[in-house]
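**Student:** If you read the sequence shown in full-length UniProt numbering, its first letter stands for residue 1, the second for the next number, and so on. Questions regarding the structure given below will be posed in turn.
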Amino acid sequence: MINSQKSYSIQPFGQLYLVPTPIGNLEDMTFRGVRTLSEVDLIAAEDTRNTQKLLNHFEIKTPQLSFHEHNSRERIPQLIERLKNGESIAQVSDAGMPSISDPGHDLVLACLQEQIAVIPLPGANAGVTGLIASGLAPQPFYFYGFLPRQKKERKEALEQLNQHQETTILYESPHRLKEVLKAMVDVFGTQRQVVLCRELTKKFEEFLRGTLEEALTWANESDIRGEFCLFLEGNKEGSRVTEQDAEWENWSILEHVEQLIANQLSSKEAIKEVAKVRGLKKQEVYHVYHVEND
């Protein structure tokens, strides 16, 4: 039976509010966000020192409790207990939307399991904010966030992203930007369009638009500062990732190849992709498609 949450009806427990915070410019804090942070019993903050600056600016006196990836296993039971006792809690990240690249999602799941209402507030988000000014196609888009730090895992992630026709949104720190752009050139080639956006909503906000080759040249010649959003042009030759792509285990090799061909890949590209995904030799997939298909 489907589970229904009526967010603003009388609740048996306290409520968890997911409150976005500014990504740089404090004027982007909403009236509702300020009121919610003022009215809840507790604020679960990714970095209490950072959040305290926000609270001081808006003269909010609500107490905080640290809640981050290193203490989430310990904190979640504590927060659930307080919610069950009728307290209301706001969860915030350092900047932008909770649950995106922070442990908020695990807290949401724990609340839902205990029938505790989870109430989201709209607000600042770096990815979508930068996307609409990037000049790349804003719809459809694919949000990925931070790439893996290890080279092998990062290359595998980029190869998967190379199948997307949608504009891809990535986050990256300044000290890893050169390395990431080099890895992107290796996978995507030099001519794919990319937009680097740094210091979004702040005084030194900057958009850098060009090819991956031009972006890498800029990075190699620049003193890189600020947090970055990267917007990558979709691969017009790639296949759109659909729910079917996750179901290849249920397909025969022949069906898998034919599905990719139906998604605009050539037979050669489809055979290569099927071999890669299934861990097979290309010759084996070629034989199935060209010989057994006759």
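Note that the Cβ used here is the ideal one computed from N, Cα and C, for glycine as well.
Going by CA-CA distance only, name the one from 276, 263, 234 and 285 that's closest to residue 252.
**Tutor:** Ranking 276, 263, 234 and 285 by Cα distance to residue 252 puts 285 first.
**Student:** Just the Cα atoms here: how many angstroms apart are residue 271 and residue 192?
**Tutor:** Taking the straight line from one Cα to the other gives about 24 angstroms.
**Student:** Should the stretch 27-38 be regarded as contacting the stretch 66-80, the criterion being three or more beta carbon pairs within less than 8 angstroms?
**Tutor:** The stretch 27-38 is not in contact with the stretch 66-80.
**Student:** Going by C-alpha distance, which of 39, 151 and 210 is nearest residue 59?
**Tutor:** The residue with the shortest Cα to Cα distance from residue 59 is 39.
**Student:** If you follow the beta strand (DSSP E) that residue 171 is in, where does it begin and where does it stop?
**Tutor:** Where residue 171 is concerned, the enclosing beta strand (DSSP E) stretches over 167-172.
**Student:** Closer than 8 angstroms by C-beta to residue 122: which residues in its own chain qualify, once you throw out the five before and the five after it? Chain order, please.
**Tutor:** Closer than 8 angstroms at Cβ, skipping near neighbours: 20 and 30.
**Student:** Is there a Cβ of chain C sitting closer than 8 angstroms to that of residue 26, yes or no?
**Tutor:** In the structure shown, chain C cannot be found, because there is only a single protein chain.
**Student:** Looking at the unbroken alpha helix (DSSP H) that takes in residue 86, where does it start and where does it end?
**Tutor:** Careful: residue 86 lies outside any alpha helix (DSSP H) and carries neither H nor E.
**Student:** Give the list of continuous beta strand (DSSP E) stretches no shorter than 3 residues that lie fully inside the stretch 216-271.
**Tutor:** Within the stretch 216-271, the complete beta strand (DSSP E) runs of at least 3 residues are 228-232.
**Student:** Using a Cβ-Cβ cut-off of 7 angstroms (strictly less than) and excluding sequence neighbours within five positions of residue 48, which residues of its own chain qualify?
**Tutor:** Cβ neighbours of residue 48 beyond the five flanking positions: 64 and 66.
**Student:** What does the Cβ neighbour count give for residue 223, buried or exposed, with the cut at 16 atoms within 10 Å?
**Tutor:** With fewer than 16 Cβ atoms within 10 Å of its Cβ, residue 223 is classed as exposed.
**Student:** Do residue 104 and residue 18 have their C-beta atoms within less than 8 angstroms of each other?
**Tutor:** For residue 104 and residue 18, yes; Cβs fall inside 8 angstroms.
**Student:** Just checking my contact of residue 194 with residue 231 at CB under 8 angstroms: how many whole Å lie between their CB atoms?
**Tutor:** Residue 194 to residue 231, Cβ: 7 angstroms. Contact.
**Student:** To the nearest angstrom, how far is the alpha carbon of residue 174 from that of residue 196?
**Tutor:** C-alpha separation (whole angstroms): 11 angstroms.
**Student:** Measure the C-alpha to C-alpha separation of residue 160 and residue 184 and round it to an integer number of angstroms.
**Tutor:** The alpha-carbon atoms of residue 160 and residue 184 are separated by roughly 12 angstroms.
**Student:** Let me know the secondary structure DSSP gives residue 210 once reduced to three states.
**Tutor:** Strand, per DSSP.
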